[in-house]
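Report on the following structure.
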Amino acid sequence: ASLNRAILLALEPLESAGAYLWLGKVSEALGDAEKAREYWNSAASADPAGYYGLRAKELAEGKQAFTSPERLDLRIDMKNAREVAAAWMRTSFDLPPQVDLDYSAELWNDARFLRAQEYWSLGLYPQARQQFESLRIDNRLDVVNSFRLLKAFLDYGFYASAIETSQTIATLSGYSDIAVSESLPAYFSYVYYGTYYLPWVQDAADTYGVPVLVLFSLIHQESRFQPFAVSSAGAQGLLQLMPQTAQTIATEINYPPNFSAEDLGVPLYNLTLGANYLARQYFVFDGDPYAALAAYNSGPGNAREWKEIAGEDPDLFVGSIRYLESRTYVRKIAEIFAQYTRLYGK
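Residue numbers (our numbering): 8 to 353.
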């Protein structure tokens with residue numbers, strides 16, 4: 008009865024989808040499998056790209072959470088994908104044939120663009136990003152310049168700026184969420200959910216036995232692939248490791264040699280240490296991805312407490328996470344994982 012009232016009072020899809028999911032779980036527990044599937048299908052319809060809608064779809068199909076595709080194709084022909092997107096841009100925004108979608112003399116000669124190039128050539132990447140970000144923000148209502156800058160951000164390796172620009176173009180095209188923008192060219196999704204640093208990510212995943220798409224999803228959530236990201240708590244790099252945690256792992260595996268906190272800004276080092284730390288959580292929690300991700304964010308002590316409450320029910324585990332930030336964190340990674348699976352699974 009409370010869950011049915013929750014549906015009537017829901018103010019957003021996450022709430023109604025969550026209520027439908029739990030009505031399905033109740034029906035399943037009562038032995039009514041058909042009614043459970045009806046509720047789960049309603050949850051999936053209410054919020055198709057949101058956590059509870061995605062999880063309900065898994066339950067309706069009898070799938071385990073965080074199931075990796077049997078085959079992956081992680082290498083995308085981005086040049087061809089961009090050409091398709093450029094043709095779509097011309098049609099959708101009625102652009103004249105003479106408009107160059109790759110280059111603008113005014114944009115490329117902007118003092119900020121020139122400074123960004125100089126900073127980049129000197130290895131001063133945070134300063135370069137500041138200049139590029141200034142350009143991105145000032146052009147966020149200009150779809151043509153945003154498309155031009157998107158290529159520049161990818162070329163220079165500023166993936167967080169590229170991700171934001173991809174969503175900006177989707178928004179200007181009338182789509183609030185790129186995950187459900189099926190009419191957009193795939194190029195924008197491939198940018199938003201990119202396989203950046205692919206050789207290193209794949210190697211780290213293989214070395215430590217963690218699913219590569221979970222690792223990509225974790226990086227996306229933690230840093231948007233920005234290697235010099237620093238949190239307010241002091242976590243650093245692609246996988247937002249605390250220096251003390253990284254120091255402990257580096258000492259134990261003897262890599263990188265002579266570790267210092269500055270090494271966390273090196274993508275290869277950060278990926279190696281972060282994948283190792285994630286693998287430890289998988290080991291501690293017997294391969295449970297929910298508990299492993301919660302432990303990565305909130306520490307294994309908290310995750311163990313929530314696991315004791317939930318038992319083997321992953322949905323009850325998510326509901327037992329007492330910190331809103333951590334609960335949202337786990338749900339968000341599941342949403343990102345679903346999009347990586349959709350784009351790269353075969």
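Even for Gly, the Cβ is constructed at its ideal location relative to N, Cα and C.
Please read these numbers as outputs of a predicted model, since none were measured by experiment.
Does L248 come out as helix, strand or coil in the three-state DSSP assignment? The residue you call residue 248 lines up with position 241 of the sequence shown. Residue state, collapsed to three classes: strand.
task: Look up A243 in the DSSP assignment and say whether it is helix, strand or coil.
output: Position 236 of the sequence shown, counted from the first residue, corresponds to residue 243. The sequence given here places Gln at residue 243; Ala does not occur at that position. The answer is strand: DSSP assigns Q243 an E or B state.
Discussion item. Quick check on DSSP: helix, strand or coil for L225?
Written reply: Your numbering for residue 225 matches position 218 in the sequence shown. Note: L225 maps to helix in three-state DSSP.
What is the DSSP secondary structure of V237, counted as helix, strand or coil? Along the sequence shown, read from residue 1 onward, the residue named residue 237 stands at position 230. Note: V237 maps to strand in three-state DSSP.
*asked:* Contact defined as beta carbons within less than 8 Å: I believe L10 pairs with L37. What is the distance between those atoms, to the nearest angstrom?
replied: Residue mapping note: residue 10 aligns to position 3 of the sequence shown, counting from 1. Residue mapping note: residue 37 aligns to position 30 of the sequence shown, counting from 1. Contact doesn't hold; Cβ gap of about 13 Å is too wide.
With H, G and I counted as helix, E and B as strand and the rest as coil, what does DSSP make of G308? In the sequence shown, residue 308 corresponds to position 301, counting from 1. Correct three-state label for G308: helix.
Counting only the same chain and skipping the five closest in sequence on each side, list residues whose C-beta sits under 7 Å from that of T175. For the purposes of this step, residue 175 is identified with residue 168 of the sequence shown, where counting begins at 1. Within the same chain, T175 has close Cβ partners R147, S153.
Nearest to L114 by alpha carbon, out of L156, Y132, L102?
On the sequence shown, residue 114 is found 107 positions in, with the first residue counted as 1. Minimum Cα distance to L114 is reached at L156.
Query - Residue closest to T98, alpha-carbon to alpha-carbon, out of L191, L131, Y46 - result: As a position in the sequence shown, residue 98 is number 91, starting the count at 1. Nearest of L191, L131, Y46 to T98, Cα basis: L191.
So, with DSSP's three-state summary, where would you put G164? Locating residue 164 in the sequence shown gives position 157, where the first residue counts as 1. Coil.
Q: Since I believe A177 is in contact with F195 (beta carbons under 8 Å), could you give me their beta-carbon distance rounded to a whole number of angstroms?
A: Locating residue 195 in the sequence shown gives position 188, counting from the first residue. Locating residue 177 in the sequence shown gives position 170, counting from the first residue. Going by Cβ atoms, the distance from F195 to A177 rounds to 6 Å, so yes, they are a contact pair.
Cβ of P263 within 8 Å of Cβ of F73?
Taking the first residue of the sequence shown as position 1, residue 263 is located at position 256. Taking the first residue of the sequence shown as position 1, residue 73 is located at position 66. Not a contact, by the Cβ cut-off of 8 Å.
*Could you check where the alpha helix (DSSP H) with K265 kicks off and where it finishes?*
Within the sequence shown, residue 265 is the residue found at index 258, counting from 1. Just to set this straight, residue 265 is Asn in the shown sequence, not Lys. Segment: none, N265 is in no alpha helix (DSSP H) and carries neither H nor E.
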